[in-house]
Every structure is written in structure tokens, then in C-alpha cells.
């Protein structure tokens, strides 16, 4: 791109419509409200996934600690949204990629990939 400027053509096309300070400002990230979602609309999904049998069957997690994370987060006592997100994504990985029977998770030499 010209002068290492990202989206050069788009910005040039929008110059008549947008103020310069908006058009050429540095990139800005945005926060995803996981803490609020895990206490609200995703409350039961988080509880079922993190405390459910799939993760327990691996033997890799301390169920009492997972219970503490979920309870403390959902009560508002602490913000454990980041570790809960990590555990939730690992559970989704197990569910979507591997054959998650206890034998395959704990003892398979090759992952069972669904096609």
C-alpha cells in the first residue's frame, strides 16, 4: 500500500464525507463485554460447559477450582472472564474437533477429527 497506509483507497474515497481526525486516527481496539455476558445471557452456557462432564472426563482440571471460578465470577465477587473464556474455548475445542469419549480424550494416540 502507498506509504504503508492501510486502506488507502477507502480512506481517499471517504475524505469528502469524514473529518480528517476521524479518517486518519490510529487504529482503536474494542473490548468485548465477556464479564457481563458470562453473568447474563451466557450464564448457563458457561456453567454447563465449564462444569460439565466433558472437561471433568479429561482429568486435567481441578473441578473445585473451576466451580470457584464460575461461582465467584457469576456472583460478581471477582472478574474471572479471561480464564473462563480460555476454559470455555478449550471445551469447545474438545467438543468440535475431537471425539470426546473419555477413552479418546485420555488415551488415544491420534486425535479423532470429525469431517
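In the UniProt record's numbering, the protein residues as written are 1 to 115. From the three backbone atoms N, C-alpha and C, an ideal C-beta is built for every residue, glycine too.
Beta-carbon proximity list for residue i, same chain, < 7 Å, skipping 5 on both sides
i, result
"residue 95", "54"
"residue 67", "51"
"residue 16", "none"
"residue 12", "none"
"residue 100", "Residue confidence is low: residue 100 scores 45 on pLDDT, short of 50, so the model does not pin down where it sits. No coordinate-derived value is stated."
8 Å Cβ cutoff, residue i in contact with chain D
i, result
"residue 88", "This model lacks chain D altogether, as it is built from one protein chain only."
Under 8 Å between C-beta atoms of residue i and residue j
i, j, result
"residue 46", "residue 88", "yes"
Host alpha helix (DSSP H) of residue i (start-end)
i, result
"residue 65", "63-75"
"residue 49", "43-51"
"residue 21", "20-23"
"residue 83", "81-97"
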